[in-house]
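Quick note on numbering that gives the first Met the number 0: the sequence shown kicks off at 0 and runs consecutively.
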Amino acid sequence: MTTAVRPAPTARRTGHAPAAVAHHGCALPPLHILAFDPADLPPGRRAGIPAADLADHHAQLAVMRRAAAEGDSRQFALTATAAALLTVRHRPRPVVERVTQRLQLWGAIGLQAEQDSSLLGLLYAPDEADLDARVARARAGLLRLGIHRTWRFDAG
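The structure is reproduced here in structure tokens:
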């Protein structure tokens with residue numbers, strides 16, 4: 000069972016839910032999230048968003064909503080990752096490519112990006128036995144990439 004989450008704007012930085020998902024009224028499946036703010040790192044250039052990419056984004060949101068309604072954390076995370084990569088294509092954060100390359104190494108099932116790429120979160124299945132070890136590997140890796148502030152929370 001999932002719960003509808005609509006955080007206040009400050010919840011983005013305090014650990015209630017990925018605001019991009021909540022913004023679209025999507026209920027979250029069970030997830031454990033390691034959030035981080037790439038603000039310490041310079042953003043890349045910004046580009047206009049073509050209509051085709053907007054259509055893809057809306058299709059991805061529909062898949063995310065369906066996965067959330069079905070409680071399918073893995074499908075949600077897979078689609079959230081695709082949506083995050085689309086988002087950062089137009090609101091670049093160079094660190095995202097490096098983080099995406101390490102998702103498997105860090106044991107994450109996906110990546111969530113806020114619409115303006117100002118907040119990112121590694122998505123984990125909350126029922127994994129070695130969750131703490133996976134998150135510790137990710138935190139150490141993020142530190143090596145220059146991300147010093149992370150926080151973790153459960154959603155869904």
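Using N, Cα and C, we set each Cβ at its ideal position, and we do this for glycine too.
Are the CB atoms of residue j and residue i within a distance shorter than 7 Å?
{"i": "Gln61", "j": "Ala83", "result": "What sits at residue 61 in the sequence shown is Ala, not Gln. It is not a contact, given that the beta carbons lie outside the stated cut-off."}
{"i": "Leu33", "j": "Arg151", "result": "yes"}
{"i": "Met63", "j": "Thr80", "result": "no"}
{"i": "Ala107", "j": "Leu121", "result": "yes"}
{"i": "Leu53", "j": "Gly155", "result": "no"}
{"i": "Leu85", "j": "His56", "result": "yes"}
{"i": "Ala139", "j": "Gly109", "result": "no"}
Looking only at its chain, what residues have a beta carbon closer than 6 Å to the beta carbon of residue i, apart from the 5 residues adjacent to it on each side?
{"i": "Ile146", "result": "Phe35"}
{"i": "Ala137", "result": "Leu33, Trp105 and Leu121"}
{"i": "Ala135", "result": "none"}
Any idea if residue i is buried or exposed, counting beta-carbon neighbours within 10 angstroms, 16 or more meaning buried?
{"i": "His31", "result": "buried"}
{"i": "Ala50", "result": "exposed"}
{"i": "Gln156", "result": "Shown here, the chain extends from 0 to 155; a query on residue 156 therefore has no answer."}
{"i": "Ala67", "result": "buried"}
In the DSSP assignment, find the unbroken alpha helix (DSSP H) run with residue i in it and report its ends.
{"i": "Asp126", "result": "First-last for Asp126: undefined, no H or E at that position."}
{"i": "Ala30", "result": "According to the sequence shown, residue 30 is Leu rather than Ala. Looking at the DSSP string, Leu30 is not in any alpha helix (DSSP H); the run it does join, the beta strand (DSSP E), is Leu30 to Phe35."}
Over what stretch of residues does the beta strand (DSSP E) that includes residue i continue unbroken?
{"i": "Ala112", "result": "Gly109 to Ala112"}
{"i": "Arg151", "result": "Thr149 to Ala154"}
How about residue i: is its Cβ closer than 6 Å to a heavy atom in the ligand MN?
{"i": "Ile32", "result": "By its list of ligands, the structure shown contains no ligand whatsoever, and the ligand MN lies outside what it can speak to."}
Whose C-beta lies closer than 8 Å to the C-beta of residue i among residues of the same chain, with five residues either side of it excluded?
{"i": "Pro41", "result": "At Pro41, the pLDDT of 49 sits below 50, so the modelled position is not reliable and the matter cannot be decided from this model."}
{"i": "Pro29", "result": "Thr1, Gly70, Ser72, Ala124, Pro125, Asp126, Asp153, Ala154 and Gly155"}
Who are the near neighbours of residue i in its chain, counting only those whose CB is closer than 7 Å to its CB and skipping five residues on each side?
{"i": "Ile48", "result": "His89"}
ask   = What are the uninterrupted segments assigned as alpha helix (DSSP H) that are 4 or more residues long and contained completely in the stretch 44 to 111, given in chain order?
value = Complete alpha helix (DSSP H) runs here, min 4: 50 to 68, 72 to 89 and 94 to 100.
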